[in-house]
Amino acid sequence: MKVLVVGGGGREHALCWKLAQSPLLTKLWCAPGNAGIGTVAECVAIGAEDVAGLVAFAKDNAVDLVVVGPEGPLCLGLADRLSEAGIKVFGPSQAAAELEGSKGFMKDIVWKAGIPTAWYGRFTDIDKAKAFVREKGAPIVVKTDGLAAGKGVVVAMTLDEALGAIDDMMGTKVFGDAGNELVIEEYLDGEEASFFALCDGKTALGLVAAQDHKRVGDGDTGPNTGGMGAYSPAPVVTPEREALVMETCILPAIRTMAAEGKPYTGVLFAGLMFTKNGPRLLEFNVRFGDPECQVLMARLKSDLLPVLLAAAEGRLDQVSLEWRDQCALVVVMAAAGYPGSYQKNTVIGGLDQAGAVDGVTVLHAGTAFNDQGQVVATGGRVLGVTAIGDTVKQARERAYKAVDALDWQQGFCRRDIAWRALARDGA
Ligand code: AMP
Ligand code: GLY
333 MKVLVVGGGG REHALCWKLA QSPLLTKLWC APGNAGIGTV AECVAIGAED VAGLVAFAKD
393 NAVDLVVVGP EGPLCLGLAD RLSEAGIKVF GPSQAAAELE GSKGFMKDIV WKAGIPTAWY
453 GRFTDIDKAK AFVREKGAPI VVKTDGLAAG KGVVVAMTLD EALGAIDDMM GTKVFGDAGN
513 ELVIEEYLDG EEASFFALCD GKTALGLVAA QDHKRVGDGD TGPNTGGMGA YSPAPVVTPE
573 REALVMETCI LPAIRTMAAE GKPYTGVLFA GLMFTKNGPR LLEFNVRFGD PECQVLMARL
633 KSDLLPVLLA AAEGRLDQVS LEWRDQCALV VVMAAAGYPG SYQKNTVIGG LDQAGAVDGV
693 TVLHAGTAFN DQGQVVATGG RVLGVTAIGD TVKQARERAY KAVDALDWQQ GFCRRDIAWR
753 ALARDGA
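Numbering (the working numbering) for the sequence shown: 333 to 759.
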């Protein structure tokens, strides 16, 4: 099979790394890819959001399956355009991708499906939004309806903070049109984790859970990022809770989306809060998490390609998956300054030494080759040092050993990935 992966981050490196191991694969492209992806796939210089360019490439090269990594092209209708051209695609239609593209749409579906979630209101009028916040009181959560690069959420512990967030988002429009509508919702307290499921429009196949580290600094301090590290399994998501999440969150969403005429195909990413009253759905994303995908792929024993194809063809009921009975952990190496401004094109050394550590794979998130053929950093999140181990402790030791083998002065990472799991173990 000839496969095209769309995207160029750590998630896409993980997908390409796993797909490249499939005996069914004859050719793998990635658009646009990165320096690391280039070792397992042929990188194509087409942007992930260049819908017309991607469709033309897929047609010209008789691609059998397109696997879409990020939400951007899905929200732009890439899956629809590919389907119209007769090309199979793993990823939801534009209408179904609204689950991530519009928080208001997502909340309405979740509410209609009877999925346990925070109460909420949708607002296009600033005075009504403020009145709602005053009526409900703090703590309360204010979100832009549209995509705001993961930044359009303010968890307000005081009324003033909530009112300020409404002014910023809807008044000053700090996130542009994303703030034309706001979702204001109940504050939920608990431990957060993510669960993933493959979907084929009619049914869903549960994957496994993972836990991300969104803050930039050790001890969950500093500004939010795309994710500084992750691990799987997540001890908070016991097998019983996984089953409960499938029954109460994933399957009702799939049934409701189908009933709405927007069948959901692809991977559904459930952001969950495990409260003292049980799991509550925070949000759906329409893609794999980054860096959660890196640890999922490290743990997956089965061939990924036939499973993604089964999802694209509506045959997930014929598939089952095998997982390694091991822990996987990824430490994200970012450029100094991230998530603020950072230097680009700094040279990264020691990649071979890091990759030689037992159980370690260094996945690239934002890299390219310079004119001298050296690997340079081109993004904020640059590498995902991914390790597998018999315990989370072993996986973590291996990952940090590899981090220490890197020679990159301008890079940094969190030193406490998996602290929650280790605290539980009493380690
Ligand atoms: P989201 O973009 O919706 O995932 O929100 C970003 C982060 O804000 C989440 O990962 C949570 O840590 C936090 N958050 C979102 N919604 C809530 C909520 N209703 N209660 C408490 N924290 C929340
Ligand atoms: N790591 C969180 C996300 O991909 O949204």
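All C-beta atoms, glycine included, are put in the ideal place defined by N, C-alpha and C.
Query	Result
Could you check how far apart the C-beta atoms of residue 465 and residue 516 are, in whole angstroms? I think they sit under 8 Å.	6 Å
Assuming residue 719 contacts residue 692 under a Cβ cut-off of 8 Å, what Cβ separation, rounded to an integer in Å, is found between them?	5 Å
Leaving out five residues on either side along the sequence, give the residues of the same chain with a beta carbon under 8 Å from the beta carbon of residue 749.	545, 560, 561, 562, 563, 661, 662, 663, 728 and 731
For residue 544, is the beta carbon positioned less than 6 Å from some heavy atom of the ligand GLY?	yes
Would a C-beta distance cut-off of 7 Å place residue 524 and residue 605 closer than the cut-off?	yes
With burial defined as no fewer than 16 other Cβ atoms inside 10 Å of the residue's Cβ, what is the status of residue 699: buried or exposed?	buried
List the whole-angstrom C-beta distance separating residue 540 from residue 655, where the pair is believed to meet the contact cut-off of C-beta under 8 Å.	6 Å
Residue 353 to residue 530, Cα distance in whole Å?	20 Å
Measure from the alpha carbon of residue 509 to the alpha carbon of each residue in 586, 423, 498 and 479, then state which is nearest.	479
Can you find the residues in the same chain that come closer than 6 Å, C-beta to C-beta, to residue 759, ignoring five residues on each side of it along the sequence?	In this prediction, residue 759 scores a pLDDT of 49, lower than 50, which makes its location untrustworthy; the coordinate-derived value is nonetheless stated afterwards. Cβ neighbours of residue 759 beyond the five flanking positions: 725.
For the beta strand (DSSP E) containing residue 362, name the first residue and the last one.	359 to 364
Residues bridged to residue 563 by DSSP?	543 and 661
Over what stretch of residues does the beta strand (DSSP E) that includes residue 605 continue unbroken?	597 to 607
Cβ of residue 603 within 6 Å of any heavy atom in the ligand AMP?	yes
With DSSP as the reference, label residue 473 as helix, strand or coil.	strand
Under three-state DSSP, which class holds residue 334?	strand
Do you know how far the Cα of residue 400 is from the Cα of residue 356?	19 Å
With distances taken between CB atoms, is the gap from residue 520 to residue 612 smaller than 7 Å?	yes
Taking residue 373 as the reference, give the member of 335, 383 and 395 with the closest Cα.	335
Among the candidates 679, 706, 665 and 754, whose CA atom is the shortest distance from the CA of residue 744?	665
In its own chain, which residues sit with a C-beta less than 6 Å from the C-beta of residue 522, not counting the 5 before and 5 after it?	605, 606 and 607
Please list the terminal residues of the continuous alpha helix (DSSP H) segment that includes residue 643.	636 to 644
Measuring straight from C-alpha to C-alpha, what distance separates residue 347 and residue 701?	21 Å
Sort out for me which residues DSSP pairs residue 518 with in a bridge.	472
Measuring alpha carbon to alpha carbon, tell me which of 690, 337 and 421 ends up nearest residue 735.	690
Of all the options 678, 716, 362 and 615, which has the alpha carbon lying nearest to the alpha carbon of residue 329?	Nothing can be reported for residue 329: it is not among the residues displayed for the chain, which extend from 333 to 759.
Cutting at 6 Å between CB atoms, please list the residues of its own chain near residue 634, excluding the five before and the five after it.	653 and 654
Is residue 585 a contact residue of the ligand AMP, with contact defined as CB to any heavy atom under 6 Å?	no
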